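Right, one structure below, let's go through it.
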Amino acid sequence: MQVFKKIGLGLAVFFASLSAYADYSWNFPEPVTPMALDTLHVHNKFMLITMAIFVVVLAIMIYSIFAHRKSKGYKAVADKAPSTAVEIFWTLVPFAILLLIDFVIMGIPAYHSVVMMEDTRDKATMVIKVTGSQWRWQYEYLDGDAKGIKFVSNLSTPKEQTDKGFEGKKDEQYLLEVDNHLVLPVGEKVRILMTATDVMHNWWVPQFGSSRLAVPGFLRETWVQVDKAGTYRGQCKELCGKGHGYMPVVVDALPLEEYKTWVAAKKEELAKADAGSDKEWTKDELVATGKGVYEKNCAVCHQVSGAGLPPAFPALTGSKIATSPIFGADGKYLKDGHLDRVLNGIRVMPGWKALLNDTEIAAVITYERNALGNSVGDVLQPAQVKAARQ
Amino acid sequence: MSTTTTAHHEEHAEHPSGIMRWLTTTNHKDIGTMYLTFALIMFFVGGAMILAIRAELFQPGLQLVNPEFFNQLIGVHALIMIFAALMPAATGFANWMIPLQIGAPDMALPRLNNWGFWLLPPSAILLTLPFTLALFGIGDGALATGWTFYPPLSVQGGIGVDFAIFAVHLLGVSSVLGSINIIVTLYNMRAPGMTLMKMPLFCWGWLITAFLLVATIPVLAGAVTMLLTDRHFGTHFFDAAGGGDPVMFQHLFWFFGHPEVYILLLPVWGFIPQILETFSRKPMYGYKAQVYSFWAIGALSVVVWAHHFFTSGMPVPALLYFMYSTMAISLPLAVMFFCWIKTMWKGSMSFETPMLFTVGWIILFGIGGLTGLVLADVAADAQYHNSYFVVAHFHYTLFAGGIMGIMAGVYFWLPKMTGHMYNEKLGKLHFWLTAISFNLTFIPQFFLGLAGMPRRIPDYALQFAEFNMISSVAAFALGLSQLLFVYNIVTCVKGGKKATDQVWEGAHGLEWTLPSPPPYHSFSEQPTVK
Chain F
11 MQVFKKIGLG
21 LAVFFASLSA
31 YADYSWNFPE
41 PVTPMALDTL
51 HVHNKFMLIT
61 MAIFVVVLAI
71 MIYSIFAHRK
81 SKGYKAVADK
91 APSTAVEIFW
101 TLVPFAILLL
111 IDFVIMGIPA
121 YHSVVMMEDT
131 RDKATMVIKV
141 TGSQWRWQYE
151 YLDGDAKGIK
161 FVSNLSTPKE
171 QTDKGFEGKK
181 DEQYLLEVDN
191 HLVLPVGEKV
201 RILMTATDVM
211 HNWWVPQFGS
221 SRLAVPGFLR
231 ETWVQVDKAG
241 TYRGQCKELC
251 GKGHGYMPVV
261 VDALPLEEYK
271 TWVAAKKEEL
281 AKADAGSDKE
291 WTKDELVATG
301 KGVYEKNCAV
311 CHQVSGAGLP
321 PAFPALTGSK
331 IATSPIFGAD
341 GKYLKDGHLD
351 RVLNGIRVMP
361 GWKALLNDTE
371 IAAVITYERN
381 ALGNSVGDVL
391 QPAQVKAARQ
Chain D
7 MSTTTTAHHE
17 EHAEHPSGIM
27 RWLTTTNHKD
37 IGTMYLTFAL
47 IMFFVGGAMI
57 LAIRAELFQP
67 GLQLVNPEFF
77 NQLIGVHALI
87 MIFAALMPAA
97 TGFANWMIPL
107 QIGAPDMALP
117 RLNNWGFWLL
127 PPSAILLTLP
137 FTLALFGIGD
147 GALATGWTFY
157 PPLSVQGGIG
167 VDFAIFAVHL
177 LGVSSVLGSI
187 NIIVTLYNMR
197 APGMTLMKMP
207 LFCWGWLITA
217 FLLVATIPVL
227 AGAVTMLLTD
237 RHFGTHFFDA
247 AGGGDPVMFQ
257 HLFWFFGHPE
267 VYILLLPVWG
277 FIPQILETFS
287 RKPMYGYKAQ
297 VYSFWAIGAL
307 SVVVWAHHFF
317 TSGMPVPALL
327 YFMYSTMAIS
337 LPLAVMFFCW
347 IKTMWKGSMS
357 FETPMLFTVG
367 WIILFGIGGL
377 TGLVLADVAA
387 DAQYHNSYFV
397 VAHFHYTLFA
407 GGIMGIMAGV
417 YFWLPKMTGH
427 MYNEKLGKLH
437 FWLTAISFNL
447 TFIPQFFLGL
457 AGMPRRIPDY
467 ALQFAEFNMI
477 SSVAAFALGL
487 SQLLFVYNIV
497 TCVKGGKKAT
507 DQVWEGAHGL
517 EWTLPSPPPY
527 HSFSEQPTVK
């Protein structure tokens, strides 16, 4: 009954919305890269051609449907196969027209688009690497001033809004907001290297017109050149598991000067975070930091409460790994121990080595051992994680 | 052309009654009926799954199902609709109609035929059982990778993937057996005088389909077996860490997957012109041209597979090749559209339900075909790929082009099969409700795709809300209208106005020379064709 009520309500809302705030989009969103612009032109052109074909054919058929009816007393006139040269010529004309449409009118612009799309290197001024993981994107700047900048971008829509049965008001950018935006300079051709750590993902911003599969173990490439400053949003578009709908892409395109300022600020911020790994942290500090890291990265599977979703995603509360020692007698971390699992992952669980910094890993492990219903009481220092990485 | 009398062979029609009749039957019509019934049941199972999905997508936010279950529903919906609804329906028609159309007493290999059918129910159970098992805490549900099984996601998945792999194996064996039977029947059991180029077009459609199945099903079976060994026996076919390549699976899968589209459509392309000529009351135009088009499409279908994953990355020459070869499919297809319309042109048309479905089918399948032409463009495909635009496109080809075509066939042949006329008024109502609600379901999805909504997501951003709402409401209307279809079939089987042998005024061909319903062993005396 609930469903019917909702459908009824929905119909009412729908008809009201038609007049009130019609938020319908009938075509691609505004293109901001040369590729998206080209795609839009090609799409519009092809759509017009196919619609023209459709209308002409439909018109002939509809005329026939109304004119050649038995109920109007129309008597069937048998067809004869084309036999003279002229008749055969006229039968082949539609065929020739179609050849022209397919391979000349559509085929030639399509050729140029493909060549442009695949030319990732000419005049590219910078390179970034995009890595897809379940279910977040990681960005790394590989050259220029920004070399070394590396961060993870997670969905930042509040969890309660995406929970089942949430009835309240949703954010304006519901499911399309992340904590760390990718920042690109306006007008620069950026070569994008694409890979993944676990399953396949696809990095897609509709206004950029580029989309490329991120394949684990392989590098694929594409490019963007954003010609207009602004914030652009997209989503992963290759089914990648239960979080597929929850790994958006958000890109800020900034004018070159502002971009440079951002690069400097970001570098400073990352250096500060790195420095954190050399200082001695208290347990409370680590638990407090760890809570944030846990809820952003781990709670999707292991749940906010730590109860997990067995059998696929085990509980952390009372789990053997989260309550047994991290290090062995020789001072090295134990295989299948807590730190090993977080750094390297297993089966469905990703390794976090490349995704989180030392402080974050130390914090989240300390949090998992001293919260979520566990109380082991020990503390893992960022310096220990740093050492363990070597 | 001679017509057999019923009285003559009634005494041969002894067969077990009750359930044993259906379990042990090797009769082509009984097996055909079982295929068709199975298809109808699975059509509703698959439909129920998608209605759960449309209910979830009715508005943003999660209301009914969680994302894991959502992913299971989409994949199993597709597998059921393709392998357990559309294909068995076409095979059911083949079983029923091929012997009738070529003047044979039965299929060439009747026991194989029986086996072919009885592989289907177990595979349907394999596909759906993980849902039930999960309720009892065993495993984590059905296949959650979409119907395409792409690794590494499918290597990561739970027991649902294994169940689906074995289901696909069984379905594949069943299809290959059915295909072999059809090829053998068509080559050996045609009535004297019926050369290949006099064979009814439906038989031609099925002949090409059967060859495509025999050629491509083994590739699919190989691909999913490699997946199985990757999952359980430590091989690395699709794992880069061991020297494999996940994208290779896409190549193997779509080497089967693209011909599969034509496997689903060719039987329909076969009988659609037969319906057109019947209700236009003049012989079909361009029989030979259509047969050659079938061959051309059959051949092209196995060399265009990579257009399903342009965004996976491949060399520029490969992109261009797959783009241009895909566009080339529009040529034989256009020939067929031309022939269909020319068959109607200057006919003496009447619009009973089969004709309504056929005309609707031509228009809607036309939209599917034209959007397919646009999708072939590599650069624009980067935008369309895996968006709702593609979802709308392939539902125009497979729901309109496949299922609505099958419905035309059902209404066309039902009086011949049952001996009763169906309810014409209800049939027409069914058509209009289906056509309107189908368009209202899928037209909004074109716009959703253009606006940037990816497919296979359980929840979406607010800007997509309006179109999803329309689509969901219309999907429920579409689903509910199909109840009329079942009601009409059931009442027609039970009784109704007696159908004549010819059934339709303009019908001609061997199947219309037999009584309605035809005798148990269709032609016990071989007719001859001039």
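Those protein sequences? They're chains F and D, same order as listed.
Convert by adding 10 to the 1-based position in the first sequence; the result is the number in the working numbering.
Convert by adding 6 to the 1-based position in the second sequence; the result is the number in the working numbering.
Idealized CB from N, CA, C, for every residue including glycine.
Note that the coordinates shown come from a computational prediction; the quantities given were computed from them, not determined experimentally.
Under 8 Å between C-beta atoms of residue i and residue j
i: F:G251; j: F:V209; result: yes
i: D:W260; j: D:W311; result: yes
i: D:A382; j: D:M329; result: yes
i: F:N307; j: F:E248; result: no
i: D:C539; j: D:I104; result: Here chain D comprises residues numbered 7 to 536, so residue 539 of chain D is not present and cannot be evaluated.
i: D:F255; j: D:L233; result: yes
i: D:I214; j: D:L272; result: yes
i: D:F453; j: F:S35; result: yes
Interface flag, residue i vs chain D, CB-CB below 8 Å
i: F:L186; result: yes
i: F:K252; result: yes
i: F:F113; result: yes
i: F:G383; result: no
i: F:L108; result: yes
i: F:S166; result: no
i: F:M210; result: yes
i: F:M127; result: yes
i: F:S35; result: yes
i: F:F99; result: no
i: F:V225; result: yes
i: F:Q235; result: no
i: F:D132; result: no
i: F:G219; result: yes
i: F:L68; result: yes
i: F:V87; result: yes
N-terminal and C-terminal residue of the alpha helix (DSSP H) that residue i is part of
i: F:E268; result: L266 to A285
i: F:W233; result: Here F:W233 belongs to no alpha helix (DSSP H); instead the beta strand (DSSP E) covers R230 to V234.
i: D:R60; result: H34 to E62
i: D:S336; result: S336 to M350
i: F:M127; result: G117 to E128
Endpoints, beta strand (DSSP E) assigned at residue i
i: F:P195; result: L192 to P195
i: F:G244; result: G240 to C246
i: F:Q148; result: R146 to Y151
i: D:N392; result: It is not in any beta strand (DSSP E) - D:N392 carries neither H nor E in the DSSP assignment.
i: F:N212; result: H211 to V215
i: F:I202; result: V200 to A206
i: F:K139; result: M136 to S143
i: F:F161; result: K160 to S163
Residue i - partner residues in DSSP beta bridges
i: F:D181; result: None, per the DSSP bridge assignment.
i: F:P258; result: F:Q245
i: F:A224; result: F:H211
i: D:G374; result: Paired residue(s): none; D:G374 is not in a bridge.
i: F:F323; result: F:L319
i: D:H426; result: D:K504
Residue i at chain F interface by Cβ criterion, 8 Å
i: D:E74; result: yes
i: D:D146; result: yes
i: D:K348; result: yes
i: D:V167; result: no
i: D:L435; result: no
Chain A within 8 Å of residue i, Cβ atoms only
i: D:W351; result: In the structure shown, chain A does not exist; the protein chains are F and D.
Any contact of the segment 356 to 368 of chain D with the segment 498 to 507 of chain D, i.e. 3+ C-beta pairs under 8 Å? no
Three or more C-beta pairs under 8 Å: does that hold for the segment 148 to 163 of chain F against the segment 232 to 246 of chain F? Flag = no, the segment 148 to 163 of chain F and the segment 232 to 246 of chain F do not touch.
Does the segment 267 to 282 of chain D come within contact of the segment 404 to 423 of chain D, defined as at least 3 CB pairs closer than 8 Å? Counting Cβ pairs under 8 Å, three or more are found: they touch.
With a cut-off of 8 Å, do at least 3 Cβ pairs link the segment 181 to 193 of chain D to the segment 141 to 148 of chain D? no
Within 8 Å, do at least three Cβ pairs link the segment 323 to 338 of chain F to the segment 256 to 271 of chain F? no
Does the segment 317 to 334 of chain F come within contact of the segment 377 to 384 of chain F, defined as at least 3 CB pairs closer than 8 Å? yes
With three or more C-beta pairs closer than 8 Å as the rule, is the segment 99 to 108 of chain F touching the segment 122 to 130 of chain F? no
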